[in-house]
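Colleague: Below you will find the structure I want to go over with you.
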Ligand code: ACO
């Protein structure tokens, strides 16, 4: 283990003094109750099947705690989000993405020496293997950058076979820094490939965010110097996306990691899970929705009416959340930043006006109020990404860069668990009862 990088705390603040009673067919069973450090209560059903023969059924896991985790706390009713105990609002105001990444991965804010050491590791690993650059040639120009990112992440693992099972802390720190650093090199290279421009090498003299922007927007004959406002805006967005406890992609990373798959394979799977429109692909879908409204000139109230009509199969993208039932604190922070960033950059984006009007209409409509649907992290993030100059199909990739430290922290937590077990849910089978094989000539 490199000097000073701590192991994240695990299994803190758990007490199990209470029990819950479950009665099935007149027989009662006592189940342990687990209480988290923020007084969240969970009924431990891990022995339920052996005690009763029953399992729990929770389609889409809305009421299932899949693990105990010390990374991120969310109170969806109160709109609270904290990374390792620190409120998202404080981190947004005072920190930067690399420091937040360190906090998530190692459990504590770094001191000066630890941060310098982590930054130098990120710099050391910013290049991708030269042969890996040839892999980009295999993708058609139309390939979605999320497909490229996931494939390249897996391919990257092949170049560091010694890091495939980073059981040792030294290997883990190295693998974590490699992935955090190279993900932006791959992301920028996939963009350059898609527009037919030469890929830009990273610049070791630049910090994390400006280096990414350089690889995205510099050309061999025209260097790009991002303004401090653009760097600050991107830092903010990456912090907002850095972790969100057991969401779909993080649960995927934990699930894949639980089979003892390596970190590269696990985060490659996480990227695929994030890509969908209901998750990290929503930021792309929101801007496409706003552009569609702008181009068609459709009346916003009639668009909202369509969204409410179940037969239309249209959702108000960037609205609603499985956990937040009051407001999403990330959305508030990003919305606040939108006006500031656009003003600083001298940009007037009509999509921001459309988004604000849509929000106003939705939040005064009983459909959204009754269902507790509020703007989520993706509703306003695309406006800032557009202002920075990021193309729309790269939006989910920006989410993936931001979410990388969270995925790494969760993969680590799975591997550090005192009782590591493969994730393996059960099911209630509703298919055909037992039947016998029918020879072809007897089939209808
Ligand atoms: N627009 C219109 N109606 C909605 C929306 C929406 N965006 N979201 C939920 N609803 C409705 C559902 O139709 C359902 O109505 P019903 O009770 O009449 O059947 C009710 O609200 C509950 O919705 P569920 O789909 O059960 O909520 P769930 O927790 O499963 O889904 C999700 C959460 C996927 C975020 C959903 O709200 C959605 O599709 N939002 C749009 C996509 C989006 O913005 N995703 C990004 C989420 S944040 C993130 O992952 C980074």
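Residue numbers (this note's numbering): 50 to 493.
Glycine included, each C-beta is placed from N, C-alpha and C at the ideal position.
Is any heavy atom of the ligand ACO found at a distance shorter than 8 Å from the C-beta of residue 120?
Modeller: On the chain shown, position 71 is the one that residue 120 refers to. Checking every heavy atom of the ligand ACO against the Cβ of residue 120, none is found closer than 8 Å.
Colleague: Taking only the alpha-carbon atoms, compute the straight-line gap between residue 282 and residue 206 and give it to the nearest angstrom.
Modeller: Taking the first residue of the chain shown as position 1, residue 282 is located at position 233. Taking the first residue of the chain shown as position 1, residue 206 is located at position 157. C-alpha separation (whole angstroms): 31 Å.
Colleague: If you draw a straight line from the alpha carbon of residue 301 to that of residue 145, how long is it in whole angstroms?
Modeller: Stepping through the chain shown from its first residue, residue 301 is reached at position 252. Stepping through the chain shown from its first residue, residue 145 is reached at position 96. So the alpha carbons of these two residues sit roughly 26 Å apart.
Colleague: In angstroms, rounded to a whole number, what distance separates the CA positions of residue 126 and residue 378?
Modeller: The residue you call residue 126 lines up with position 77 of the chain shown. The residue you call residue 378 lines up with position 329 of the chain shown. Distance between the alpha carbons of residue 126 and residue 378 is about 11 Å.
Colleague: I need the DSSP call for residue 192, collapsed to helix, strand or coil.
Modeller: Position 143 of the chain shown, counting from 1, holds the residue named residue 192. The answer is coil: DSSP assigns residue 192 none of H, G, I, E or B.
Colleague: Can you have a look at residue 231 and say buried or exposed, based on whether 16 or more other CB atoms are within 10 angstroms of its CB?
Modeller: Indexing the chain shown from 1 puts residue 231 at position 182. So residue 231 counts as buried.
Colleague: Does any heavy atom of the ligand ACO sit closer than 8 Å to the C-beta of residue 270?
Modeller: Along the chain shown, read from residue 1 onward, the residue named residue 270 stands at position 221. Outside the cutoff, so no.
Colleague: With residue 79 as the anchor, note down where its beta strand (DSSP E) starts and where it stops.
Modeller: What you label residue 79 is simply residue 30 of the chain shown in a count that begins at 1. Segment 76-84, the beta strand (DSSP E) holding residue 79.
Colleague: Whole beta strand (DSSP E) runs in the stretch 114-189 with 3 or more residues, listed along the chain?
Modeller: Here the runs fully enclosed are 121-124, 129-132.
Colleague: Is DSSP giving residue 376 helix, strand or coil here?
Modeller: Translated into the one-based positions of the chain shown, residue 376 becomes position 327. Residue 376 falls in the coil class under three-state DSSP.
Colleague: Do residue 265 and the ligand ACO come close, with the Cβ less than 8 Å from some heavy atom?
Modeller: Start at 1 with the first residue of the chain shown, and residue 265 comes out as number 216. Checking every heavy atom of the ligand ACO against the Cβ of residue 265, none is found closer than 8 Å.
Colleague: Cβ of residue 426 within 9 Å of Cβ of residue 198?
Modeller: Within the chain shown, the letter at position 377 stands for residue 426. Within the chain shown, the letter at position 149 stands for residue 198. No.
Colleague: Please determine whether the Cβ atom of residue 366 lies at a distance below 8 Å from any heavy atom of the ligand ACO.
Modeller: On the chain shown, residue 366 is found 317 positions in, with the first residue counted as 1. For the ligand ACO, at least one heavy atom lies less than 8 Å from the Cβ of residue 366.
Colleague: Beta-carbon within less than 6 Å of residue 128's beta-carbon, same chain only, minus the 5 sequence neighbours each way: which residues are those?
Modeller: Your numbering for residue 128 matches position 79 in the chain shown. Excluding residues within five positions, the ones whose Cβ falls inside 6 Å are 375, 376, 378.
Colleague: Run through DSSP, which three-state label would residue 369 get?
Modeller: Position 320 of the chain shown holds residue 369. Here residue 369 sits in coil by DSSP.
Colleague: Drop a sphere of 10 angstroms on the beta-carbon of residue 79, count the other beta-carbons inside from all chains shown, and report buried for 16 or more, exposed for fewer.
Modeller: Looking up residue 79 in the chain shown gives position 30. When all chains shown are included, residue 79 counts as exposed.
Colleague: With a CB to CB cut of under 6 Å and the five nearest residues on each side skipped, what residues in its chain are close to residue 204?
Modeller: Sequence index remark: in the chain shown, residue 204 carries index 155 (1-based). Within the same chain, residue 204 has close Cβ partners 184.
Colleague: Grab me the residues of residue 356's own chain with a C-beta within less than 7 Å of its C-beta, minus the 5 sequence neighbours each way, in chain order.
Modeller: Within the chain shown, numbered from 1, the residue matching residue 356 stands at position 307. Correct list, in chain order: 363, 364, 365.
Colleague: Measuring CA to CA, which of 292, 438, 201, 387 is closest to residue 47?
Modeller: Residue 47 cannot be examined here, being either before or after the span of the chain that is shown, 50 to 493.
Colleague: The alpha helix (DSSP H) spanning residue 12 covers which residue range?
Modeller: Examination of residue 12 is not possible in this model, given that the chain is present from 50 through 493 alone.
Colleague: Please return the same chain residues whose Cβ sits closer than 6 Å to the Cβ of residue 460, not counting the five positions on each side in sequence.
Modeller: Indexing the chain shown from 1 puts residue 460 at position 411. Cβ neighbours of residue 460 beyond the five flanking positions: 302, 306, 312, 315.
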